[in-house]
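Enquirer: Under numbering that gives the first Met the number 0, the letters of the sequence shown match residues 0 to 214, in that order. Each residue gets a CB set at the ideal place from its N, CA and C atoms; glycine is no exception.
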Amino acid sequence: MDSKPPKSVVKRDPEGTRRRILEAAKSQFAKFGLAGARTDAIAQVAGTNERMLYYYFGSKELLYVAVLESMYADYAKKESELDLTRLQPREAMAALATSIWAHLWDNPEWIGLINNENLHQGRYLKSSQKLGETISPVVEVVRSILARGADAGQFRSGIDPLDFYVTLVGMGYYIASNRFTINAFTGRDYAHWSDRQKISEMHLEMLDAYLRSAT
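1. Can you say whether residue 209 is buried or exposed, counting buried as having 16 or more other CB atoms within 10 angstroms of its CB?
2. Nearest to residue 179 by CA position, among 169, 191, 168, is which residue?
3. State the start and end residues of the unbroken alpha helix (DSSP H) segment that holds residue 114.
4. Which of helix, strand or coil does DSSP assign to residue 191?
5. Using the beta-carbon count (16 or more within 10 Å), is residue 84 buried or exposed?
6. Pick from 124, 119, 65, 98: whose alpha carbon is nearest that of residue 78?
7. Under three-state DSSP, which class holds residue 211?
8. Nearest to residue 52 by CA position, among 100, 93, 19, is which residue?
9. Residue 66 and residue 24 - do their beta-carbons sit closer together than 8 Å?
10. Quick one: give me the first and last residue of the alpha helix (DSSP H) that residue 43 is part of.
11. Quick check on DSSP: helix, strand or coil for residue 154?
12. Does the region 69 to 77 touch the region 126 to 141, meaning 3 or more C-beta pairs lie closer than 8 Å?
13. Cα-Cα, which of 26, 33, 32, 57 is closest to residue 43?
14. Could you have a look at residue 84 and say whether DSSP puts it in helix, strand or coil?
15. Would the region 158 to 168 and the region 105 to 117 be scored as touching if the rule is three or more Cβ pairs under 8 Å?
16. Pop quiz: residue 153 and residue 195 are said to be a contact at Cβ under 8 Å. What is the actual Cβ separation, rounded to whole angstroms?
17. Check whether the Cβ atoms of residue 149 and residue 143 sit closer than 8 Å, and answer yes or no.
18. Do you know offhand how far residue 174's Cα is from residue 189's?
19. Can the beta-carbon of residue 118 be found less than 8 Å from the beta-carbon of residue 71?
20. State the DSSP-derived secondary structure class of residue 177, mapped to helix, strand or coil.
21. So, for residue 81: in the same chain, excluding its five sequence neighbours on each side, which residues have a beta-carbon less than 8 Å away from its beta-carbon?
22. Grouping DSSP H, G and I as helix and E and B as strand, with all else coil, what is residue 91?
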């Protein structure tokens with residue numbers, strides 16, 4: 000008897016499929032926003048079909064929330080894993096700030112997604128059950144550095160960690176997210192490394208002056 004050729008075995012990779020859908024959705028949502036992104040285009044880029052997209056995420060809106068959660072989680076993991084304990088408090092805060100600002104420049108899709116979600120007035124982020132888990136670790140890093148600095152007499156006491164963190168991020172976020180309009184108005188493109196480094200050094204000096212100020 001002639002033996003039949005063995006049937007090909009299709010390996011299932013649910014985690015890989017889910018990850019590819021998230022990556023494809025991140026790109027589409029960053030480019031076109033929630034309203035403009037199409038699920039068929041996301042599925043095509045991910046190398047799967049719309050049925051699997053809905054199987055893993057339930058809806059386009061829930062996929063959008065999952066993308067936001069994933070990006071915030073990656074950001075928090077990166078920043079909270081920085082080895083800052085061996086640095087003096089002032090150096091540690093400067094290193095954290097520099098890392099956060101670099102992350103903003105290195106992830107333009109995140110900027111696009113944040114801007115888009117602000118157009119929705121944060122409605123979809125507010126529906127997330129995981130968002131607090133992604134923000135808290137970074138704020139705790141700031142809290143720890145502030146406490147060490149106050150104990151060492153390098154920082155004044157009573158600084159609110161969340162307020163300081165929001166201020167720190169805002170400095171880098173404004174430059175990164177508005178680089179095109181800033182360039183249009185002023186002719187200066189902060190994507191150029193020398194200009195970006197110069198303003199980052201200014202921001203670090205401003206933050207350090209506030210941390211050490213007794214008034």
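Expert: Well, looking at it:
1. Position 210 of the sequence shown holds residue 209. Exposed is the call here.
2. In the sequence shown, counting from the first residue as 1, residue 179 sits at position 180. The shortest C-alpha separation from residue 179 is found at 191.
3. Taking the sequence shown and counting its residues from 1, one reaches residue 114 at position 115. Note, residue 114: alpha helix (DSSP H), 107 to 118.
4. Sequence index remark: in the sequence shown, residue 191 carries index 192 (1-based). Of the three classes helix, strand and coil, the one that applies to residue 191 here is coil, per DSSP.
5. Taking the sequence shown and counting its residues from 1, the one referred to as residue 84 is at position 85. It is exposed - the Cβ of residue 84 has fewer than 16 other Cβ atoms within 10 Å.
6. Against the sequence shown, residue 78 aligns to sequence position 79. Among 124, 119, 65, 98, the Cα nearest to that of residue 78 is on 98.
7. To locate residue 211, count along the sequence shown from 1; it is residue 212. Residue 211 falls in the helix class under three-state DSSP.
8. One-based indexing of the sequence shown puts residue 52 at position 53. Considering only alpha carbons, the answer is 19.
9. Here residue 24 corresponds to residue number 25 of the sequence shown, with the count starting at 1. Here residue 66 corresponds to residue number 67 of the sequence shown, with the count starting at 1. Yes.
10. Residue 43 sits at position 44 when you count from the first residue of the sequence shown. Start and end: 38 to 45.
11. Position 155 of the sequence shown, counted from the start, is the residue given in the question as residue 154. In this structure, residue 154 counts as coil in the three-state DSSP scheme.
12. yes
13. Taking the sequence shown and counting its residues from 1, one reaches residue 43 at position 44. Closest by alpha carbon: 26.
14. As a working note, residue 84 is residue 85 in the sequence shown. Of the three classes helix, strand and coil, the one that applies to residue 84 here is coil, per DSSP.
15. no
16. Along the sequence shown, read from residue 1 onward, the residue named residue 153 stands at position 154. Along the sequence shown, read from residue 1 onward, the residue named residue 195 stands at position 196. The Cβ separation is near 27 Å, so there is no contact.
17. For the purposes of this step, residue 149 is identified with residue 150 of the sequence shown, where counting begins at 1. For the purposes of this step, residue 143 is identified with residue 144 of the sequence shown, where counting begins at 1. Not in contact: residue 149 and residue 143 (Cβ atoms no closer than 8 Å).
18. The residue given as residue 174 occupies position 175 in the sequence shown. The residue given as residue 189 occupies position 190 in the sequence shown. One C-alpha to the other measures close to 7 Å.
19. Translated into positions along the sequence shown, residue 118 becomes position 119. Translated into positions along the sequence shown, residue 71 becomes position 72. The answer is no: Cβ separation not under 8 Å.
20. Residue numbering aside, residue 177 sits at position 178 when the sequence shown is read from its first letter. Looking at residue 177 - three-state DSSP - the assignment turns out to be coil, as it is neither helix nor strand.
21. Here residue 81 corresponds to residue number 82 of the sequence shown, with the count starting at 1. Only 94, 95, 98, 140 meet the Cβ criterion.
22. Start at 1 with the first residue of the sequence shown, and residue 91 comes out as number 92. Looking at residue 91 - three-state DSSP - the assignment turns out to be helix.
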